[in-house]
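Protein chains: 2
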Amino acid sequence: MQFTHINSMLIRNMGNNRPRPAMSQKRRASSRLNASSLSQQAVEELRRRIASCQLVPGQRLDEAALAAELGISRTPLREALKMLSAEGLVDITPRRGAHVAEMAQDDLEGIFPIMALLEGEVAREAAQKATPLDLRRLDQLHATLEKYVAAGDVDRYYETNYQFHDALQQVAGNPWLQHVIGDLRKLLRLSRHRSLKLAGRMNDSLNEHRALMDALHKRDAETARRVMKRHLLEQLAALRQLAETAAEA
Amino acid sequence: MQFTHINSMLIRNMGNNRPRPAMSQKRRASSRLNASSLSQQAVEELRRRIASCQLVPGQRLDEAALAAELGISRTPLREALKMLSAEGLVDITPRRGAHVAEMAQDDLEGIFPIMALLEGEVAREAAQKATPLDLRRLDQLHATLEKYVAAGDVDRYYETNYQFHDALQQVAGNPWLQHVIGDLRKLLRLSRHRSLKLAGRMNDSLNEHRALMDALHKRDAETARRVMKRHLLEQLAALRQLAETAAEA
DNA sequence: AGCGCGTATTTTGTATACAAGATAGGCGGC
DNA sequence: GCCGCCTATCTTGTATACAAAATACGCGCT
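Quick mapping for you: the protein sequence lines, in order, are chains F and R.
Sequential numbering from 0 applies to the first sequence in numbering that gives the first Met the number 0.
Sequential numbering from 0 applies to the second sequence in numbering that gives the first Met the number 0.
Written out as structure tokens, the structure is:
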């Protein structure tokens with residue numbers, strides 16, 4: 000067991016002057032705003048690492064090793080793992096340790112249609128509620144998408160697409176819808192590496208976005224819903240095809 | 000701090016012969032099958048207590064007291080609380096303790112339409128897939144519902160209704176849909192006491208169920224979806240009215 | 001008598017100690 | 001030489017110890 004990234008200690012709340020042997024209390028410049036509890040910070044850090052593929056699906060999460068790496072004890076780390084497990088990002092098998100959750104094609108086949116339904120609803124509500132200002136903001140993001148497609152930058156397209164869907168949710172202003180979609184999106188991030196391979200679909204994807212923007216401008220809620228739903232189902236179809244061609248190899 | 004229910008100790012895995020002073024290791028006859036880890040058992044026990052209103056929304060959850068009550072230490076209890084918090088059943092405010100989550104009318108207004116969408120989808124898929132055997136089982140549950148309406152037994156009606164929706168999900172056979180709906184239903188249980196006050200709606204509710212069964216028998220997926228969706232929105236409307244009349248008092 | 005401040009108490013958050021289950025590795029048997 | 005069992009080691013699960021934040025309480029002050 001050895002870790003290359005030595006400097007990933009989480010931020011302790013300081014003022015701790017008990018003689019504690021092997022626990023340096025360095026705080027790291029690059030760290031996010033203090034989430035106050037180490038377990039909460041660990042949750043966020045682990046989420047980040049999973050999203051960024053520093054921790055890959057299926058990987059074993061050794062408590063002692065991870066705790067050491069984060070500069071905390073096993074207690075808050077375990078609390079973090081339990082929370083991530085409740086979120087579905089981590090699978091815990093009793094007495095046999097925690098692993099980063101894996102996302103099979105079957106899971107995508109289950110999740111995407113649900114997302115299609117929910118995000119379709121978001122689009123519908125957004126079409127009804129969007130102010131001119133909202134539309135301008137969405138147009139702006141859409142323009143950025145166009146830019147990245149032209150540049151062939153899948154990675155940034157993916158991220159901006161994410162932001163776009165986020166912005167749309169803001170417009171729809173339905174906290175619970177946002178919450179449920181957010182939960183599912185966290186899980187879909189586990190298959191991010193696969194989505195990034197869909198460079199060939201960027202153009203189609205963009206066209207669907209154009210159709211969506213069109214519907215939003217026209218305040219055509221039903222069309223917006225249908226377009227968004229279809230957008231996600233097409234995404235799934237592309238992933239399915241990717242899986243099938245990959246399976247042949 | 001004193002507890003009346005003394006005998007609610009969770010099941011330890013035994014074979015523990017270290018001299019541990021004040022920790023009796025009685026196992027309880029009525030306990031569920033051993034979930035192996037105390038934290039997991041605590042999660043289930045707390046979920047149960049919340050669902051059954053032994054722990055009411057807003058109530059403070061004192062770690063030491065609860066741990067003592069369950070006959071475990073704070074470590075697994077805290078892990079349980081973190082999991083419940085990730086599920087949304089418990090709110091944890093850093094350094095200020097955990098409370099049973101509260102469900103405002105606004106939350107119901109957010110959750111029910113989502114449930115309507117998702118359960119509508121369940122009904123649609125179930126209508127397509129139901130075998131004659133499935134239909135017989137559903138008919139059976141429906142008959143039980145009729146019985147409880149006739150008897151005016153809201154409590155049992157509620158439970159059987161729950162089972163009915165569960166059975167329908169089995170028929171639809173969509174694990175992820177089931178999962179998402181399950182998450183939301185756990186939350187809705189927080190307002191169970193309110194739903195139980197809807198005795199007057201039992202008849203309407205039953206009629207909607209009849210219409211659903213009819214659509215299922217006819218394999219009319221689209222009607223099944225619409226009926227189920229409407230069923231849930233009506234439920235919400237009834238709860239809303241209840242809240243309004245209650246607010247006047 | 002009411003209010004504020006300082007101290008005592010409670011309660012959370014984290015680290016550590018320890019036991020039992022799981023794993024791995026070696027030894028003997030076939 | 002391969003398989004199975006037994007032991008040593010590792011890892012998880014739980015309890016406990018302790019520190020700091022939060023809260024409660026009482027005292028003095030105005």
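Just so you know, even glycine gets a beta-carbon here, dropped at the ideal spot from N, CA and C.
Cβ neighbour criterion (16 or more within 10 Å) applied to residue i
i	result
residue 131 (chain F)	exposed
residue 174 (chain R)	exposed
residue 76 (chain R)	buried
residue 112 (chain F)	buried
residue 171 (chain F)	buried
residue 228 (chain R)	buried
residue 234 (chain R)	buried
residue 231 (chain R)	buried
residue 55 (chain F)	exposed
residue 118 (chain R)	buried
residue 208 (chain F)	buried
residue 70 (chain F)	buried
residue 38 (chain F)	buried
residue 150 (chain R)	exposed
residue 164 (chain R)	buried
residue 146 (chain R)	exposed
residue 168 (chain R)	buried
residue 129 (chain R)	buried
residue 139 (chain F)	exposed
residue 78 (chain R)	buried
residue 260 (chain R)	With chain R represented from 0 up to 248, any question about residue 260 (chain R) goes unanswered, as that position is not in the structure.
residue 35 (chain R)	exposed
residue 66 (chain F)	buried
Integer Cβ distance of residue i from residue j, believed to fall under 8 Å
i	j	result
residue 62 (chain R)	residue 9 (chain R)	Not a contact, Cβ separation roughly 15 Å.
residue 120 (chain R)	residue 176 (chain R)	6 Å
residue 186 (chain R)	residue 160 (chain R)	Not really, about 17 Å apart at Cβ, beyond 8 Å.
residue 98 (chain R)	residue 59 (chain R)	6 Å
residue 285 (chain R)	residue 223 (chain R)	Because chain R in this structure spans residues 0 to 248, residue 285 (chain R) falls outside the shown range and cannot be described.
residue 179 (chain F)	residue 89 (chain R)	With a Cβ gap of about 18 Å, residue 179 (chain F) and residue 89 (chain R) do not count as contacting.
residue 189 (chain F)	residue 110 (chain F)	Going by Cβ atoms, the distance from residue 189 (chain F) to residue 110 (chain F) rounds to 10 Å, so no, they are not a contact pair.
residue 136 (chain F)	residue 115 (chain F)	That pair is no contact at about 24 Å.
residue 82 (chain F)	residue 42 (chain F)	5 Å
residue 50 (chain F)	residue 191 (chain F)	7 Å
residue 74 (chain R)	residue 74 (chain F)	7 Å
residue 127 (chain R)	residue 214 (chain R)	The Cβ separation is near 11 Å, so there is no contact.
Bridge-paired residues (DSSP) for residue i
i	result
residue 59 (chain F)	F:98
residue 92 (chain R)	R:96
Three or more C-beta pairs closer than 8 Å, one from the segment 197-216 of chain R and one from the segment 236-246 of chain R: is that the case here? The segment 197-216 of chain R, when compared against the segment 236-246 of chain R, does touch it at the 8 Å Cβ threshold.
For the segment 157-181 of chain R, enumerate the residues whose C-beta is nearer than 7 Å to any C-beta of chain F, in chain order. The residues in question are 173, 174, 175, 176 and 179.
Along the segment 67-79 of chain F, where does the CB come closer than 9 Å to a CB of chain R? Name the residues. Result list: 74, 77, 78 and 79.
Taking a cut of 8 Å between CB atoms, which residues from the segment 113-147 of chain R lie near chain F? Cβ contacts with chain F come from 113, 116, 117 and 120.
Any C-beta of chain F within less than 9 Å: which residues of the segment 95-110 of chain R qualify? Cβ contacts with chain F come from 105, 106, 108, 109 and 110.
Taking any Cβ of chain R, which residues in the segment 51-63 of chain F have a Cβ under 9 Å from it, in chain order? Hits within the stretch: zero.
Can you list, in chain order, the residues of the segment 213-225 of chain R whose Cβ is nearer than 9 Å to any Cβ on chain F? Residues of the segment 213-225 of chain R with a C-beta less than 9 Å from any C-beta of chain F: none at all.
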